[in-house]
Amino acid sequence: MKKLKLNFIRTCNSLVILILVSHTMIAKTIILTSDQQLTDLTDPDKKIDMSTGYTKRDASLRDVCEEAKRNGDHILTIAFDEFFRQYRKR
0 MKKLKLNFIR TCNSLVILIL VSHTMIAKTI ILTSDQQLTD LTDPDKKIDM STGYTKRDAS
60 LRDVCEEAKR NGDHILTIAF DEFFRQYRKR
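Quick note: the sequence shown uses numbering that gives the first Met the number 0, first residue 0, plus one each step.
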């Protein structure tokens, strides 16, 4: 049980590091919290909730890509993580 808990903690830490480092590695990140958001991305102009904190942030795939282009980013990372669901109203 302790080994499982330790592996879980290491996985969580790796995810946090990946998210934090990805912003410095010329990458833009979208974190999805539902299957519906993945479906919504098929319409590049549909705005979805991309909040990762208490400040609400709605953006479309096109908005994110245009912002990345302006910043010189070359990578778009799309991840699914239920943790951030707590910051998003349904």
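Beta carbons are placed, not taken as given, at the ideal position from N, Cα and C, and that holds for glycine.
- On a CA-only basis, which of Asp44, Tyr53, Thr41, Asp48 is nearest Thr32? Give me that one, please. Asp48
- Item | Own chain partners of Lys68 with C-beta closer than 7 Å, once the 5 adjacent residues on each side are dropped | none
- Query: Just reading off the beta strand (DSSP E) that Leu31 is part of, what are its end residues?
  - Reply: 26-31
- Val80 bridges to which residues according to DSSP? It is worth fixing the name first, because residue 80 is Asp in this sequence and not Val. Answer by DSSP bridge pairing: none, since Asp80 is not bridged.
- Message: Rounded to whole angstroms, what is the Cα-Cα separation between Gln85 and Ser13?
- Response: 20 Å
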